[in-house]
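Sequential numbering of the sequence shown, starting at -12, is according to my numbering. This report refers to the structure that appears directly beneath it.
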Amino acid sequence: MTAIELRSEIIELIKRTDDVRLLEWLRSMLSTSPISKEQMEDMMRVADLSDEDIAAGRTHTIDEVKRWMDEQKRKA
């Protein structure tokens, strides 16, 4: 998909929504300074790693994470 096609599709989706919170979020995201190519590549790398972990079942419940955090606090 080209940038022009993607932009057109996004515009159409925006026109169809009445979700004020979504529109405010979009405005906020689009009005902030752009991230660098290196930052975007790093975010994509981390997202890919996360997808791999999820697919491999390397996930934890919220309770497991809370217990781990409590243990780390006690060690500090």
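Each residue gets a CB set at the ideal place from its N, CA and C atoms; glycine is no exception.
- Inter-residue distance for residue 39 and residue 25 is about 21 Å (C-alpha atoms, whole angstroms).
- Close CB contacts of residue 46 within its chain, under the 8 Å cut and outside five residues either way in sequence, are with 40 (chain order).
- Annotated three-state conformation of residue 20 is coil, per DSSP.
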